[in-house]
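Taking it in order: structure first as structure tokens, then the write-up.
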Amino acid sequence: MSQWHIRVPKGGLRHSKPKPSSARWVISGIFTLSIIFLYMTARNEWISAVENAMPISKVTEPSDKNSLRFSPVPTDIEGSQQVNSSSASTDAELLEKPVISAATSEVVSDIVDTTPKSDTLDKCDGRLIYIYNLAKEFNRLVVEQCSNWEAWPNMCEDISNQGFGVPLQVPASDPMASILQPPDAWFRTDQFTLEIVFHERLKVHPCLTKNSEEASLFYLPFYHGLDLAQNLYNSDLAVRDRLNELFVKWLRSQKPWQRHHGKRHVLVLGRIVWDFVRKIGKDASWGSSLLTQPELTNVTKLLIERSLWEDSMLGIPYPTAFHPSSESDLRAWQHTVRTFDRRQLVSLAGSTRTKKLTGVIRDEVFDQCTNSISCRTIFCNIERCVERPQIILKMGLESVFCLQPPGDSSTRKGVFDSLETGCIPVIFNKHQAPNQYLMHLPADHNDYSVLVPEEEVCNRTFDIMEHLSKIPPSEIARKQKCIVDLIPRLLYRHPKPVGEYTSRDAFDVAMDGLMARFDAEQANSGAQL
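For what it's worth, my numbering labels the leading residue of the sequence shown as 211, then goes sequentially.
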């Protein structure tokens with residue numbers, strides 16, 4: 211029975227429904243509104259949770275311990291992909307998303323706003339740079355997964371500090387400690403880290419743009435040289451080529467690449483060209499097949515050693531140990547090189563080879579040096595030159611000539627170590643430097659080097675020491691002056707300079723050369739790309 215009705219005696223007065231008080235109405239209204247509010251809040255949170263939920267898959271371990279460290283995503287019985295939000299992107303994701311923003315923003319996280327400011331537009335001269343936002347598997351994960359690589363045991367150290375490696379630790383008791391100044395400009399830089407070095411410099415370039423429609427140059431930050439090191443000795447070619455094949459498929463889907471037919475696109479590879487040209491479908495034992503892919507025909511490739519028969523390839527200097535962050539540091543080093551007392555006529559640093567791709571020339575050069583009182587030999591397999599580059603720097607500063615026989619291939623990091631210290635490199639064929647580094651070195655190799663006949667040395671009919679001892683002092687002085695003037699354009703400065711830095715370094719020279727090259731191609735084509 212309702213609380214609003216009571217029984218009355220028969221014949222008595224009928225009781226009518228009483229009116230509730232105003233306070234009771236207020237309390238009732240507040241209670242009702244509270245119930246409605248709580249219901250709506252819970253409903254919205256539940257809908258949001260459902261919409262944002264990510265299906266979770268089991269983590270799968272690769273069956274082959276040598277395979278890549280991120281495996282294809284598991285599939286359900288319907289064949290639809292399941293995504294583990296904590297794992298790397300899958301093969302399909304890499305191809306489905308032309309630009310993966312959320313997952314890969316960290317790749318270019320240094321760039322807050324890539325639109326050139328008004329005061330830099332004049333310097334850019336309308337030539338802007340677009341950095342593709344590749345999935346992190348193509349660069350960042352390669353760097354993060356740097357440990358336990360058979361082909362590169364110290365990679366984690368070598369790729370640190372924006373690709374410069376660990377700082378050079380010279381004991382205070384070593385006389386070189388007072389010469390290699392300032393200490394924070396010197397690093398134990400590996401020869402294969404230019405993919406990181408270039409990318410880091412481009413991240414802070416003043417002429418970046420987010421609009422691909424207005425770009426003049428398109429940069430592809432794919433660290434394939436570093437990726438290849440992980441699987442260089444893996445006999446499974448499918449594993450070795452997996453990432454570069456995904457990269458090519460992804461590239462094919464990009465509108466800027468389609469619009470320009472691959473032209474104006476730039477890819478830096480931090481190894482020699484012969485590591486990337488394995489024949490497609492052939493059971494070769496070395497390298498990857500990346501540069502045999504037709505999609506990269508028109509892409510400009512920058513390498514520490516290029517193929518002389520490919521116009522789309524350009525040589526760039528090997529990285530050395532000196533990375534100044536100010537113009538004053540650079541000038542101080544040039545002064546050291548210019549004024550150092552060089553009492554050794556000829557020096558040679560390197561390791562002997564049991565299986566050489568360059569024939570017998572290396573053995574003959576070592577034999578001549580070790581048998582001459584005018585030549586000093588440093589055997590790097592004993593002295594550990596890679597771990598202690600100050601040994602090479604000291605040798606270069608003290609010597610007039612540095613012998614640079616080819617190693618596993620024509621080019622040699624030692625050529626640039628020599629130039630960095632003012633030691634005149636002695637080369638044995640034009641493929642070692644003059645035909646390689648067209649943007650960075652003078653057209654006349656006599657300005658900075660001595661070329662001796664390789665064939666005669668191999669035939670033991672040419673005395674290297676005798677030839678070098680007969681070069682006039684005036685000619686030596688001329689070469690040394692040219693080398694000192696070349697130093698700024700052969701090194702890679704720190705990406706974040708402290709104070710003024712006006713000289714063009716190896717990176718700047720390469721970018722200037724690329725822009726000039728693309729402008730010339732456009733002018734020759736007679737049409738707007």
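Every residue, glycine too, gets a C-beta built ideally from N, C-alpha and C.
For Phe408, the CB contacts under 7 Å within the same chain, skipping 5 residues up- and downstream, are Val478, Phe717 in chain order. When the beta-carbon positions are compared, Phe348 and Leu453 come within less than 9 Å of each other. As the crow flies, the alpha-carbon of Arg553 is around 28 Å from that of Lys640.
Boundaries for Thr510: no alpha helix (DSSP H) harbours it, while the beta strand (DSSP E) harbouring it runs 510-515, taken from the DSSP string. Segment contact: the stretch 366-374 against the stretch 493-508, fewer than three CB-CB distances shorter than 8 Å; contact not assigned. In this structure, the alpha-carbon of Phe626 lies about 7 Å from that of Leu700.
Boundaries cannot be given for Ser522, as no alpha helix (DSSP H) includes it and DSSP labels it neither H nor E.
Considering only Arg703, Asp485, Asn656, Leu461, the residue with the shortest C-alpha distance to Val476 is Leu461. Minimum Cα-Cα distance from Gly560 among the listed residues Ser628, Gln690, Gln379 corresponds to Ser628. Boundaries of the alpha helix (DSSP H) around Leu696: 683-700. With respect to Leu438, Asp384 sits apart: the two C-beta atoms are not nearer than 9 Å. Beyond the five residues adjoining it in sequence on each side, Val380 comes within less than 7 Å, by CB distance, of Met386, Ala387, Leu390, Gln600 in the same chain, given in chain order. In this structure, Leu558 sits away from Ser679, with a CB-CB distance that is not shorter than 9 Å. Nearest to Ala653 by alpha-carbon distance, out of His471, Leu696, Glu505, is Leu696. The beta carbon of Thr587 sits closer than 6 Å to those of Leu558, Cys579, Thr580, all from its chain and outside the five residues before and after it, given in chain order. Under the three-state reduction of DSSP, Ser426 is assigned to strand. Gly480 sits buried, since 16 or more C-beta atoms from the chains shown fall within 10 Å of its C-beta. Taking the Cα positions, Arg594 is about 28 Å away from Val662. The C-alpha of Met523 is placed about 7 Å away from the C-alpha of Ser517. Ranked by how close their Cα comes to the Cα of Gly373, the residues Thr510, His533, Ser445, His471 have His533 in first place. Counting C-beta atoms within 10 angstroms of its own C-beta, Asp400 has 16 or more neighbours from the protein chains shown and is therefore classed as buried. Of the candidates Gln440, Ile592, Lys706, Met605, Met605 places its Cα closest to the Cα of Cys585. If you compare the alpha carbons of Cys612, Thr562, Gly336, Lys420 with that of Ile634, the shortest gap goes to Cys612. Counting along the chain, His434 sits inside the alpha helix (DSSP H) bounded by residues 434-441. With respect to the C-alpha of Ser538, the residue from Pro698, Asp335, Gly375, Glu731 having the closest C-alpha is Pro698. A contact is defined here as three or more CB-CB pairs under 8 Å, and the stretch 503-518 fails this definition with respect to the stretch 682-695. When rounded, the separation of the alpha-carbon atoms in Leu540 and Ser713 is 9 Å.
Unbroken beta strand (DSSP E) stretches of 3 residues or longer found wholly inside the stretch 365-395: none. Beta-carbon to beta-carbon, Cys417 and Leu506 are separated by about 24 Å, too far to satisfy the 8 Å threshold.
The beta carbons of Pro504 and Tyr702 sit no closer together than 9 Å. Rounded to the nearest angstrom, the gap between the Cα atoms of Asp657 and Met649 is 15 Å. The C-alpha of Arg469 is placed about 12 Å away from the C-alpha of Glu424. Contact check for Ser535 against Ser495 fails: the beta carbons are separated by 9 Å or more. Linking Leu351 to Asp577 through their CA atoms gives a straight-line distance of about 45 Å. The straight-line gap separating the alpha-carbon atoms of Ile681 and Phe672 is approximately 15 Å.
Here the C-alpha atom of Glu520 lies approximately 14 Å from the C-alpha atom of Tyr647.
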